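The numbering of the sequence shown is our numbering, which starts it at 40 and goes up by one. No residue lacks a Cβ here, since even glycine has one placed at the ideal position from N, Cα and C. Please read these numbers as outputs of a predicted model, since none were measured by experiment. First comes the structure, then the notes that go with it.
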Amino acid sequence: MSTTTLLITGATGYIGGSILSNLFESSNPHVKALRISTLVRKQEQADLLKAKGFNGIVFSGLDDTAAASAIIRGLADRQKATGNKSVLTHTSGTSSIGDRPITRRYTETRVFDDVQAYLRAREDFEDSFVLEWNYLAKES
Numbered sequence: 040m041s042t043t044t045l046l047i048t049g050a051t052g053y054i055g056g057s058i059l060s061n062l063f064e065s066s067n068p069h070v071k072a073l074r075i076s077t078l079v080r081k082q083e084q085a086d087l088l089k090a091k092g093f094n095g096i097v098f099s100g101l102d103d104t105a106a107a108s109a110i111i112r113g114l115a116d117r118q119k120a121t122g123n124k125s126v127l128t129h130t131s132g133t134s135s136i137g138d139r140p141i142t143r144r145y146t147e148t149r150v151f152d153d154v155q156a157y158l159r160a161r162e163d164f165e166d167s168f169v170l171e172w173n174y175l176a177k178e179s
């Protein structure tokens, strides 16, 4: 049986680090049998991961479109050569929910709806009902 290789980018970030930590702490024999490589930006990060049993690869980053394309082409080539399914799972970090995500433009976070107008109308109706009730109670 061949060893399954897993490549994790962003292994020192929030999402990648959480995944890597869970894999490291797993007692599942299939997880323990994985050959895990990680892409990191600094040599000291690669050294730390190597000490934990991972293959740390220093890489400038996925901002390089050619490098990202090479990863995808490599997965396709591997699948053709081996017949084994290649999978790329992409997640995005917290920058996508920030006020200024990667686009560097402000993202409107407010949701506009008519709930406030409805609540005001309901309050006005209830207030008028109470006033009418009080008026009728005084006349009796």
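Around the beta-carbon of Ala109, fewer than 16 other beta-carbon atoms lie within 10 Å, marking it exposed.
Collapsing the DSSP output to three states places Gly49 in coil. Taking a contact to require three or more Cβ pairs closer than 8 Å, the region 92-101 and the region 111-119 do not qualify as touching. Pairing Gln84 with Thr51 gives a Cβ-Cβ distance under 8 Å.
Boundaries around Arg112 are those of the alpha helix (DSSP H), 104-121, since no beta strand (DSSP E) includes it. A residue is called buried once 16 or more other Cβ atoms fall within 10 Å of its Cβ, and Leu59 is buried on that count. According to DSSP, residue pairing for Gly95 in a beta bridge involves Thr77. Beta-bridge pairing by DSSP links Thr43 to no other residue.
Counting along the chain, no alpha helix (DSSP H) covers Leu127, and no H or E run does either. In this structure, DSSP gives Gly100 a state outside helix and strand, which the three-state scheme calls coil.
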